[in-house]
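Asker: Dumping the structure here so I can ask a few things about it.
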Amino acid sequence: MKRLVIILAILLLGKQSFAQVSQEVREQLDTLALSQIGLNEKVQINVSGATLADFISAISLEHNLNVSVQDNLNTAIVTNFYDATVKDVFIFLADKHQLDIDIIGSIISFKKHVDEPAPPQVYQPKDVRVNYRTDNEFLSVDLKRDSLYRVAEAITKKSGRNVVLAPSIREKLISVYIENRPFDQTMKMLAKSNDLKLTIDAEGFYYLEKDVVAQQNQNVRQNQRNGKDPGLLNMQLSSLDNKRLDVVAENISIKTIIEQGSDLLGEKYFMYDVPEGNTTLNVEDVTYAELMMHVMRGTEYTFRKDEKYYLIGNRNSEGLRETQLIQLQNRTLESVMTVVPQELMNGIETKEFVDLNGLIVSGSYPRIAELKTFIQSIDQVVPMVQVDIIIVQQKKSATTATGIKAGLSDSPVQTSGDVFPAVDMTLNSESINGLLGALEGFGVINLGAVTPNFYLSLKALESNSLIDIASTPKISTLNGHEATFSIGETNYYQEQNVQISPSLSGGNVLENRVWKATDANLTITVTPNVSADEYVTLDINVEQTDFAGKEDPTAPPNKQTQTFSSLVRVKNGEMILMGGLEKDAKSESGSGTPVLSRIPIIKWFFSSREKEKEKSKLHVFIRTTVTY
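Take the sequence shown: its letters are residues 1 to 628, numbered as in our numbering.
Here is the structure:
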């Protein structure tokens with residue numbers, strides 16, 4: 001009896017569901033059952049948890065049927081069949097699980113039923129109920145969530161008066177009912193009832209825009225109802241540019257400021273995270289991006305401009321991180337990075353890109369913008385300063401040597417020397433005897449005959465020299481950088497080291513000789529600093545070193561050093577003269593017969609004297625030329 005009830009229930013369910021399977025499919029299964037006897041065989045099976053595809057495949061395999069099952073039939077089933085034909089089981093499963101059965105030859109295909117898409121409905125715009133009477137210029141409107149754009153279009157067409165909408169309210173839906181009132185009065189009430197502001201210009205255009213004051217008052221009332229501090233918010237379009245804002249806010253939520261600014265300027269935004277907290281600010285003539293930068297500075301929120309939208313959220317949100325290349329135009333990357341404050345680098349990942357002379361930064365947009373502004377403010381053209389140096393060194397010397405020198409040599413000498421333009425003669429004994437014979441009778445100067453080895457040297461010399469040395473080097477350097485010029489000569493001296501190694505056999509002596517160099521240079525160092533008015537401040541240092549002879553042939557030469565430094569300010573292109581390195585040297589030496597060498601006139605015959613006078617002066621002319 002129990003089995004009969006179960007079979008009847010299955011048959012009843014089958015009858016209820018068989019209506020879903022087309023009659024054509026039923027007839028195809030009946031026809032196929034004549035050749036595929038497995039469709040008429042009885043099924044006795046209890047299934048729990050198997051997928052629909054596995055269950056159908058198992059039945060077809062057991063009864064030798066060709067079955068194709070779609071892959072997505074993975075619904076788990078719980079069912080029990082007893083003495084039901086395979087054909088009835090297939091129809092039952094198709095009805096219950098919304099399957100389509102296709103029969104191709106002896107193959108039965110099961111797949112998920114897909115409803116055919118409904119034909120697209122043609123949009124029928126709602127009629128805007130606007131009526132205008134030309135006789136008395138009365139306007140009637142009956143609006144219920146109608147598009148403001150289509151309302152303005154209908155009013156313009158019927159009345160002939162131009163109604164212009166602000167971009168931020170074109171998609172706004174409005175509702176109002178006004179019956180048979182004057183046109184201007186109806187337009188004012190339409191605007192007032194929908195938080196709009198109506199302006200009529202001198203040419204008769206009716207301009208509708210968002211009534212910011214009404215919206216702000218609404219927000220204040222809402223805050224009062226919620227028990228919050230209403231604060232103060234006054235936001236309006238700038239009088240200079242309708243794409244900028246003037247904002248006065250006191251203890252107003254960041255979210256409210258963003259929403260009001262978006263409504264006024266028609267900007268679209270998407271909030272990953274809703275900014276929390278209040279702020280106070282007073283700014284004029286700011287863009288939407290500048291406004292958000294101000295209200296989000298110092299908070300954990302940031303924004304980024306996409307193609308059409310502003311993305312707003314937490315600074316660490318994945319979609320809000322921005323990567324930019326800050327490329328320098330006039331300075332080197334190394335010189336700029338040393339002066340960037342560390343505070344500007346916090347929260348930003350940086351990577352130096354030397355090949356492009358730039359910095360790759362990744363982080364929130366406001367921090368990147370702040371860093372970029374700082375770098376651009378110092379990325380200025382560095383002036384190039386050309387320094388022309390004219391060095392004039394003047395040296396004047398005079399030498400006078402007079403006197404008579406007599407003596408005995410190892411052997412007779414030859415008479416030789418110069419008579420003109422200076423007298424420098426050496427006389428042998430024969431010449432002297434001849435000269436004495438000619439002078440015989442002149443008294444005390446008659447020395448009498450001399451021996452063959454006696455000689456006499458007469459000297460009367462005077463020499464003058466004037467030497468001018470000039471050089472004109474040119475060097476260039478960047479503003480604030482040192483430029484150095486140096487010319488000179490190098491002398492070498494020998495240094496001898498002796499090492500004695502004692503031993504029982506008497507010791508060894510090692511002698512080492514090394515040539516060493518010493519320099520005497522004229523060195524000029526100039527550091528220019530260019531001011532905004534193109535005056536150049538020059539820090540000048542001059543050092544001149546000269547050789548001054550040797551104490552010993554093997555000793556290093558002595559040196560004389562003269563230095564001066566100066567800080568001057570000159571105009572671009574002007575020349576200055578730096579002088580003062582002057583050297584004045586005098587020397588006088590002589591030898592002669594005691595007493596006689598000091599008597600006037602006579603001393604010239606009984607002494608030899610030499611006077612030397614030397615004077616040198618260094619002039620340095622410097623001219624600077626600034627180029628950009």
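Ideal placement from N, C-alpha and C gives every residue a C-beta, glycine not left out. Computed from a predicted structure; not experimentally measured.
Any chance the stretch 351-358 sits against the stretch 567-580, with 3 or more Cβ pairs inside 8 Å?
Answerer: no
Asker: Excluding the five sequence neighbours on either side, which residues of its own chain have a C-beta within less than 6 Å of the C-beta of Ile445, listed in chain order?
Answerer: As a working note, residue 445 is residue 445 in the sequence shown. Any reading at Ile445 must be qualified, since the residue scores a pLDDT of 48, below 50, and its modelled position is unreliable; no value is offered.
Asker: Relative to the C-alpha of Gln376, which candidate in Val392, Met384 and Val339 has its C-alpha closest?
Answerer: Working through the sequence shown from its first residue, we reach residue 376 at position 376. The option with the nearest alpha carbon to Gln376 is Val339.
Asker: For Ser48, which residues of its own chain have a beta-carbon under 6 Å away from its beta-carbon, when the five flanking residues on both sides are left out?
Answerer: For this step, residue 48 is matched to residue 48 along the sequence shown. The residues are Val78.
Asker: On the DSSP letters alone, give me the boundaries of the beta strand (DSSP E) that Tyr310 sits inside.
Answerer: Along the sequence shown, one-based indexing puts residue 310 at 310. First-last of the beta strand (DSSP E) with Tyr310: Tyr309 to Asn314.
Asker: Do Leu208 and Leu165 have their beta-carbon atoms positioned less than 9 Å apart in this structure?
Answerer: Within the sequence shown, the letter at position 165 stands for residue 165. Within the sequence shown, the letter at position 208 stands for residue 208. Result yes, Cβ atoms of Leu165 and Leu208 sit closer than 9 Å.
Asker: Under three-state DSSP, which class holds Ser35?
Answerer: As a working note, residue 35 is residue 35 in the sequence shown. Of the three classes helix, strand and coil, the one that applies to Ser35 here is helix, per DSSP.
Asker: When you compare only the Cα positions, how much space is there between Thr624 and Ser335?
Answerer: Counting from 1 along the sequence shown, the entry for residue 624 is found at position 624. Counting from 1 along the sequence shown, the entry for residue 335 is found at position 335. Approximately 24 Å, taken between the alpha carbons.
Asker: Going straight from the alpha carbon of Phe205 to that of Pro117, what length do you get?
Answerer: Within the sequence shown, numbered from 1, the residue matching residue 205 stands at position 205. Within the sequence shown, numbered from 1, the residue matching residue 117 stands at position 117. Roughly 47 Å between the two C-alpha positions.
Asker: Go through its chain and collect everything with a Cβ distance to Thr627's Cβ below 6 Å, but skip five positions before and after it.
Answerer: As a first step, residue 627 must be located in the sequence shown, where it is residue number 627. The answer, listed in chain order, is Met384.
Asker: What residue range is occupied by the uninterrupted alpha helix (DSSP H) comprising Met296?
Answerer: Along the sequence shown, one-based indexing puts residue 296 at 296. Unbroken alpha helix (DSSP H) run through Met296: Tyr288 to Met296.
Asker: Can you have a look at Ala555 and say buried or exposed, based on whether 16 or more other CB atoms are within 10 angstroms of its CB?
Answerer: As a first step, residue 555 is located in the sequence shown; it is residue number 555 there, counting from the start. Ala555 is exposed by the Cβ-count criterion.
Asker: Determine the DSSP secondary structure at Arg161, reduced to helix, strand or coil.
Answerer: As a working mapping, residue 161 is identified with position 161 in the sequence shown. Correct three-state label for Arg161: coil.
Asker: Just how far apart, CA to CA, sit Arg321 and Thr525?
Answerer: By 1-based counting over the sequence shown, the position of residue 321 is 321. By 1-based counting over the sequence shown, the position of residue 525 is 525. Roughly 50 Å between the two C-alpha positions.
Asker: Does the separation of the CB atoms of Gln98 and Lys87 fall below 9 Å?
Answerer: By one-based count along the sequence shown, residue 98 stands at place 98. By one-based count along the sequence shown, residue 87 stands at place 87. Not a contact, by the Cβ cut-off of 9 Å.
Asker: In whole angstroms, give me the CA-to-CA distance for Val629 and Glu543.
Answerer: Nothing in the structure corresponds to residue 629, since the chain is present only between 1 and 628.
Asker: In or out: Ser364 buried (at least 16 other Cβ within 10 Å) or exposed?
Answerer: The sequence position of residue 364 within the sequence shown is 364, counting from 1. Counting C-beta atoms within 10 angstroms of its own C-beta, Ser364 has 16 or more neighbours from the protein chains shown and is therefore classed as buried.
Asker: Taking 9 Å as the threshold (C-beta atoms), are Leu148 and Lys172 in contact?
Answerer: Position 172 of the sequence shown, counted from the first residue, corresponds to residue 172. Position 148 of the sequence shown, counted from the first residue, corresponds to residue 148. Yes; because the gap between Cβ atoms is below 9 Å, this pair is in contact.
Asker: DSSP on Thr256, reduced to helix/strand/coil?
Answerer: Within the sequence shown, the letter at position 256 stands for residue 256. Reduced to three states, the DSSP call for Thr256 is helix.
Asker: Does the Cβ-Cβ distance between Val620 and Ile475 come in under 9 Å?
Answerer: Along the sequence shown, read from residue 1 onward, the residue named residue 620 stands at position 620. Along the sequence shown, read from residue 1 onward, the residue named residue 475 stands at position 475. No, the pair does not count as a contact, with Cβ atoms beyond the cut-off.
Asker: Can you grab the Cα-Cα spacing for the pair Leu61 / Asp115, in whole Å?
Answerer: Locating residue 61 in the sequence shown gives position 61, where the first residue counts as 1. Locating residue 115 in the sequence shown gives position 115, where the first residue counts as 1. C-alpha separation (whole angstroms): 30 Å.
Asker: As a quick exercise: from Ile200, Val67, Tyr272 and Asp285, pick the residue whose alpha carbon is nearest that of Ser239.
Answerer: The sequence position of residue 239 within the sequence shown is 239, counting from 1. Of the candidates Ile200, Val67, Tyr272 and Asp285, the one whose C-alpha sits nearest the C-alpha of Ser239 is Asp285.
Asker: Where Thr299 and Ser253 are concerned, what is the direct C-alpha to C-alpha distance, given to the nearest angstrom?
Answerer: Position 299 of the sequence shown holds residue 299. Position 253 of the sequence shown holds residue 253. So the two alpha carbons sit approximately 13 Å from each other.
Asker: Tell me which residue opens and which closes the alpha helix (DSSP H) that Glu638 is part of.
Answerer: For residue 638 there is no data in the structure shown, the boundaries of the chain being 1 and 628.
Asker: Given a cut-off of 9 Å on the beta-carbon distance, is the pair Phe55 and Leu93 in contact?
Answerer: Against the sequence shown, residue 55 aligns to sequence position 55. Against the sequence shown, residue 93 aligns to sequence position 93. Taking 9 Å as the Cβ cut-off, Phe55 and Leu93 qualify as a contacting pair.
Asker: Using a Cβ-Cβ cut-off of 6 Å (strictly less than) and excluding sequence neighbours within five positions of Val163, which residues of its own chain qualify?
Answerer: Position 163 of the sequence shown, counting from 1, holds the residue named residue 163. Here the set comprises Ala152, Ile155, Thr156 and Tyr206.
Asker: Identify every residue that forms a DSSP beta bridge with Thr545.
Answerer: Residue numbering aside, residue 545 sits at position 545 when the sequence shown is read from its first letter. Partner(s): Thr561.
Asker: Using DSSP with H/G/I as helix, E/B as strand and the rest coil, what is Val89?
Answerer: Position 89 of the sequence shown holds residue 89. The answer is helix: DSSP assigns Val89 an H, G or I state.
Asker: May I have the straight-line CA-CA distance separating Asn74 from Ile101, to the nearest angstrom?
Answerer: Here residue 74 refers to the residue found at position 74 when the sequence shown is read from its first residue. Here residue 101 refers to the residue found at position 101 when the sequence shown is read from its first residue. Cα to Cα, the separation comes out at about 17 Å.
Asker: Keeping to the same chain, check which residues put their C-beta closer than 6 Å to that of Gln324; ignore five residues upstream and five downstream.
Answerer: Sequence index remark: in the sequence shown, residue 324 carries index 324 (1-based). Excluding sequence neighbours, Gln324 sits near Val361 and Ile368.
Asker: So, under 8 Å CB-CB, Thr545 and Thr484 are touching, yes? Tell me the CB distance rounded to an integer number of Å.
Answerer: As a working mapping, residue 545 is identified with position 545 in the sequence shown. As a working mapping, residue 484 is identified with position 484 in the sequence shown. No, Thr545 and Thr484 are not in contact; Cβ-Cβ is about 15 Å, not under 8 Å.
Asker: Less than 6 Å between C-beta atoms, sequence neighbours within five positions excluded: which residues of the same chain meet that for Asn529?
Answerer: Here the question's residue 529 lines up with position 529 in the sequence shown. Gly480 and Thr537.
Asker: Taking just the CA atoms, how far does Leu333 sit from Lys351?
Answerer: Taking the first residue of the sequence shown as 1, we reach residue 351 at position 351. Taking the first residue of the sequence shown as 1, we reach residue 333 at position 333. Each residue's alpha carbon lies about 11 Å from the other.
Asker: With DSSP as the reference, label Ser248 as helix, strand or coil.
Answerer: Counted from its first residue, the sequence shown places residue 248 at position 248. At residue 248 the sequence reads Val, which differs from the Ser that was named. It is a strand residue.
Asker: Around the Cβ of Ile622, are there at least 16 other Cβ atoms within 10 angstroms (buried) or fewer (exposed)?
Answerer: Reading the sequence shown from its first residue, position 622 is the one you call residue 622. Buried, by the Cβ-count rule.
Asker: Who pairs with Arg623 in a beta bridge, going by DSSP?
Answerer: Here residue 623 is taken as the residue at index 623 of the sequence shown, counted from 1. The partner list for Arg623 (beta bridge, DSSP) reads Asp388 and Met575.
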